Amino acid sequence: MSETTSTEENTLPLNGRRAIPPNYSNDEENEVPEMEAFGLIPRGFNPRDYLSVVDVYMFKEPQEINKQEHHTDKYYNPKLIVRRGQAFQIQIDFNRPYRPETDQFWLEFLMGRYPQQNKGTYIPILVGNVLKPGQWGAKIIRRENKSIRLSIMSSSTCIIGKFRLYVAVLTPFGILRTPRNSATDTYILFNPWCQLDAVYLDDEKEREEYVLNDVGIIFHGNVEDVKSRSWSYGQFEENILDACLFLMDKAELELSGRGNPIKICRVASAVINSRDDNGVIAGSWNNSYDYGVAPSAWTGSVDILLEYYSSKQPVRYGQCWVFAGVFNTFLRCLGIPARLITNYSSAHDNNANLRLDFFLDDEGKVDTRHTKDSVWNYHCWNEAWMTRPDLPVGFGGWQVVDGTPQETSDGMYRCGPASVQAIKHGHVCFQFDAPFVYAEVNSDIFYTRMEKNGTQVVENIDTTRIGQLIVTKEVGGDGMVDITEEYKFREGSDEERLALETAVMYGVKKESIQETTYQPQTDVDMDFQAQKAVLGNDFKVTITFRNKSRNSYTATTYFSGNIVFYTGVTKSEFKKHSFTAKLEPSSSNSFDIVIKSSEYMSDLLEQASFHFFVTARINETGKILAVQKAIMLEIPTLRIKTKGELVAGKETSVIVEFTNPLKQTLENITLRLEGPGVLRTIKKQFGRIPMNSTLTWEVKFVPMRPGLRKLIASLNSNALRHVYGELNVQIQKP
5 MSETTSTEEN TLPLNGRRAI PPNYSNDEEN EVPEMEAFGL IPRGFNPRDY
55 LSVVDVYMFK EPQEINKQEH HTDKYYNPKL IVRRGQAFQI QIDFNRPYRP
105 ETDQFWLEFL MGRYPQQNKG TYIPILVGNV LKPGQWGAKI IRRENKSIRL
155 SIMSSSTCII GKFRLYVAVL TPFGILRTPR NSATDTYILF NPWCQLDAVY
205 LDDEKEREEY VLNDVGIIFH GNVEDVKSRS WSYGQFEENI LDACLFLMDK
255 AELELSGRGN PIKICRVASA VINSRDDNGV IAGSWNNSYD YGVAPSAWTG
305 SVDILLEYYS SKQPVRYGQC WVFAGVFNTF LRCLGIPARL ITNYSSAHDN
355 NANLRLDFFL DDEGKVDTRH TKDSVWNYHC WNEAWMTRPD LPVGFGGWQV
405 VDGTPQETSD GMYRCGPASV QAIKHGHVCF QFDAPFVYAE VNSDIFYTRM
455 EKNGTQVVEN IDTTRIGQLI VTKEVGGDGM VDITEEYKFR EGSDEERLAL
505 ETAVMYGVKK ESIQETTYQP QTDVDMDFQA QKAVLGNDFK VTITFRNKSR
555 NSYTATTYFS GNIVFYTGVT KSEFKKHSFT AKLEPSSSNS FDIVIKSSEY
605 MSDLLEQASF HFFVTARINE TGKILAVQKA IMLEIPTLRI KTKGELVAGK
655 ETSVIVEFTN PLKQTLENIT LRLEGPGVLR TIKKQFGRIP MNSTLTWEVK
705 FVPMRPGLRK LIASLNSNAL RHVYGELNVQ IQKP
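In my numbering, the protein residues as written are 5 to 738.
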């Protein structure tokens, strides 16, 4: 025994627990012998006397049959890319005509360093007479002189990634194989066009949007003021497919698990963020982005993924829409239908008890020291489309996956896949992370006053604010679709109450009102409105009381204006105002408060978000009214225009313009411009733009592909961020 081990080359590292080491690198390879002898080879044996392979032709050009039929012609990648469960063709040229009676050959697809048939990483394919749907097989469809053309069917459940292809020929003395040839490497992806695939989507328009569209719209802002911007997913750009496969290696997902979209989504939601695994993007929510790119400056996913693929270090910095944009690229690139979702007024509830607590002090002002929960103006996540054979029937379809690091799940920062259907009906017992997502869209806000003796009195409950609008981009256009009804039943309906009771039954903590003393003030309403406000200008807000009773009241009112991160976390209070309002019986009173630009400009954060709290104590009854509202300032946009005609392969130029609207000079300006299929990201630094001055930047470029394309630009500076512009361009054929 000892003799054989010593002579054996590259023995496997000894490990008492497993026969072979873990196999989670798609890139590593094993040595495959070109001649595998059955024993001693007789003298005078000449392999050339037998059938041997001269060339293998893969039909891998974008205009050829394979990439056309498999909807992979847009990938900027010279190798063959096909989708599983669907036939593709190759041609083999032999040294002489093939004789089926006596000659025997087969194909071998291998992945990783330790290929094994039972793990799906070694796939031998014999040539037969018939192809069975969704199962590995090959048959000859044409014979001509010394060549044959094969139709090869892949399994509809096979692992996805990059396979190496060998052709093996049987001779009496051993197996002859083609030498290692990277030109015949074949990528196999998920197939939403195949009914047997777990990601099958039956609507062609939806497949074009959710798999093949390489630009998207991200909705941000807040519920009263929805804003949108374009994002370049760029899933077909050069090296992006390899970068996406590398993410699965990085996440150490065993190769044998890579046919399962549930597993892929779960590990990807962890590796998209850098927490606990040095993943793709480092998040930063503190408004200082030294040694990195501000989250608002990115225009798409390509730069981020390529930087990570080459440096293997987290890319700085991201916030929720950046995590979601990159995750969407990953999913679409691998062939999993995906869309980016925005949930307005998203609850970040630290203990998933469906209750966000805003504590008031004994005067009725918000106590920022005790208030730990926050309401994000908006939060972006993704939905991926797949069957859920691990759940009861009816919970397949769209699944929530979220790469933004918020809470740990099974010890890592990840979230999902959670069935949207399960969230809607309150079946939060079904994996993964449904209670957390349920709380993000269904929590209630409790305004709780801390008495001096430590007791808590609930003064007000807002049941409608959280998750009041959930949206995504429409199929085939840039408009917005309201999908709130896919996540929840209408507020106050019987079904909604039933879904809530179900969620509570399955362990979502919901504190009943009886446990807390709560008698609301019902005969006085308070409302708060803000004028449309433009960055750098003064604007006014209005508080309106409606006294529906026959009593006269006085209301001591506190107004607090805060500059906040889009996550609802306060940076600073920039305006305090208190007054006493006299409320006559059966009448309304309005009070205006002017907000001056000089009060907010010095502290403003990049998304120009304000959060206003108004609390009023009715002196006669001691009851407290509370209302909060987020508003966003209008941020100026970039103007983009093209010069001359746009023809694929011919140089043209584009002009980006920006006028500084602020009463101050902008400094340290970075402009970015990109367009998938048109031009790679270009960056330019500018020193300063004085107030009211216009900056003009002309970029010369050669558009790569004809068709309707989108140019996306962003401007970033110390005092002003989240400045975007975009332009649809039609590129002509040469």
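In this text, a Cβ means the ideal position worked out from N, Cα and C, and glycines have one as well.
As the structure is a prediction and not an experimental result, all values here were calculated from the model.
If I'm right that residue i touches residue j with Cβ under 8 Å, what's the distance once you round it to whole angstroms?
| i | j | result |
| --- | --- | --- |
| I244 | S234 | Not quite, the Cβ-Cβ distance comes to about 18 Å (not below 8 Å), so this is no contact. |
| R359 | D448 | 6 Å |
| P137 | E112 | The Cβ separation is near 22 Å, so there is no contact. |
| P421 | C269 | 5 Å |
| K579 | G565 | 3 Å |
Residue i: which of the options sits nearest, CA to CA?
| i | options | result |
| --- | --- | --- |
| E210 | K633, R52, R343, Q67 | R343 |
| T467 | D406, R554, D361 | D361 |
| S657 | N732, K704, V404 | K704 |
| V462 | F617, S413, I45, D365 | D365 |
| Y557 | K514, I470, I628, V370 | I628 |
| E241 | P738, I693, G681, L699 | G681 |
| S186 | R621, L84, N696, R692 | L84 |
| F493 | F450, Y442, K688, K586 | Y442 |
| F223 | S155, I345, R168, G178 | I345 |
| F532 | E387, T548, V573, A388 | T548 |
Taking only the alpha-carbon atoms, compute the straight-line gap between residue i and residue j and give it to the nearest angstrom.
| i | j | result |
| --- | --- | --- |
| L724 | S606 | 11 Å |
| Q518 | I192 | For Q518, the predicted structure reports a pLDDT of 49, less than 50, and the residue's modelled location is therefore unreliable. The matter cannot be settled from this model. |
| L135 | L310 | 39 Å |
| G711 | H75 | 16 Å |
| F583 | K456 | 24 Å |
| N291 | F569 | 8 Å |
| G653 | M708 | 6 Å |
| I639 | I659 | 20 Å |
| A255 | K376 | 32 Å |
| D596 | P589 | 21 Å |
| T625 | E367 | 14 Å |
| A630 | A301 | 36 Å |
| I735 | F543 | 43 Å |
| I623 | T560 | First, the amino acid is wrong: residue 623 is Asn here, not Ile. Each residue's Cα considered, the two are about 7 Å apart. |
| P51 | P25 | 35 Å |
| Y80 | G296 | 28 Å |
| V227 | S718 | 23 Å |
| H383 | V404 | 13 Å |
| R336 | D207 | 16 Å |
| L731 | E678 | 11 Å |
In three-state DSSP terms, what is residue i?
| i | result |
| --- | --- |
| Q120 | coil |
| N732 | strand |
| H429 | helix |
| Y214 | helix |
| G420 | strand |
| L395 | coil |
| G263 | coil |
| M695 | coil |
| A723 | coil |
| M39 | strand |
| D486 | strand |
| S564 | strand |
| Y293 | coil |
| E463 | strand |
| K209 | helix |
| A443 | helix |
| C269 | helix |
| R279 | coil |
| T603 | Per the sequence presented here, residue 603 reads as Glu, with Thr not at that position. Here E603 sits in helix by DSSP. |
What is the residue span of the beta strand (DSSP E) that residue i lies within?
| i | result |
| --- | --- |
| A717 | 711 to 720 |
| R453 | 448 to 454 |
| S236 | 229 to 236 |
| S594 | 591 to 599 |
| V658 | 656 to 663 |
| Q403 | 401 to 406 |
Looking at the unbroken alpha helix (DSSP H) that takes in residue i, where does it start and where does it end?
| i | result |
| --- | --- |
| T372 | Here T372 belongs to no alpha helix (DSSP H), and DSSP marks it neither H nor E. |
| G329 | 324 to 338 |
| E68 | Segment: none, E68 is in no alpha helix (DSSP H) and carries neither H nor E. |
| M796 | The structure shown does not extend to residue 796, since the chain spans only 5 to 738, so no value can be given for it. |
| D307 | 306 to 315 |
| K254 | 244 to 254 |
| E148 | That residue, E148, is in no alpha helix (DSSP H); its beta strand (DSSP E) goes 141 to 148. |
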